[in-house]
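In our numbering, the protein residues as written are -19 to 158. One structure below.
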Ligand SMILES: [Mg+2]
């Protein structure tokens, strides 16, 4: 399989503050250094793709249009800082409400879709997020994962020896670009 390397980023708690079931664009707030980190990946020729679980949709807390408005707000905030995402992918499901699916992280579907849409080589790509489920796909696809160290203690234990744990997105990007 050919294709470009990419960086798959979680959204809430990785790029923006995790405000729990964000449905209002006004609640989208960039974490310090996130925009600069994304810009440096893009400048290095690495497409940056957001993959996010949005079970608030399955739970009936907000709808697809509200999610889309938060995604647009993120794009606008990033553009203001000279950064751009190559794509947004989200899973609207939750097994308790909508049954099993292949797209909820760590499921593979959204990564396969992104690879097809953007011509990506998954085994040469990176996964970064603040939860274990964000980085587990790196094992499935033979890529590399970096766990941002806000994860719950049991997740850090599970990650030990499998994924480096880093302070924040800027630190992760420093490793990716070195
Ligand atoms: Mg997160």
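Don't be surprised by glycine CBs; every beta carbon is placed ideally from N, CA and C. Only a predicted model underlies this, so the values are computations on that prediction, with no experimental measurement involved.
- For secondary structure counted as the alpha helix (DSSP H) over 4 or more consecutive residues, the region 3 to 45 holds these complete runs in sequence order: 14 to 23, 35 to 38.
- Contact between the region 99 to 109 and the region 50 to 57 is absent: fewer than 3 CB-CB pairs across the two stretches fall below 8 Å.
- By the beta-carbon neighbour count (other beta carbons within 10 angstroms, threshold 16), residue 34 is buried.
- If you look at residue 91, you'll find it in the alpha helix (DSSP H) that goes 89 to 98.
- Shown here, residue -10 sits in coil according to DSSP, grouped into three states, outside any helix or strand.
- The region 60 to 78 makes contact with the region 25 to 44, as at least three CB pairs between them are under 8 Å.
- With three or more CB-CB distances shorter than 8 Å, the region 111 to 120 counts as touching the region -14 to -6.
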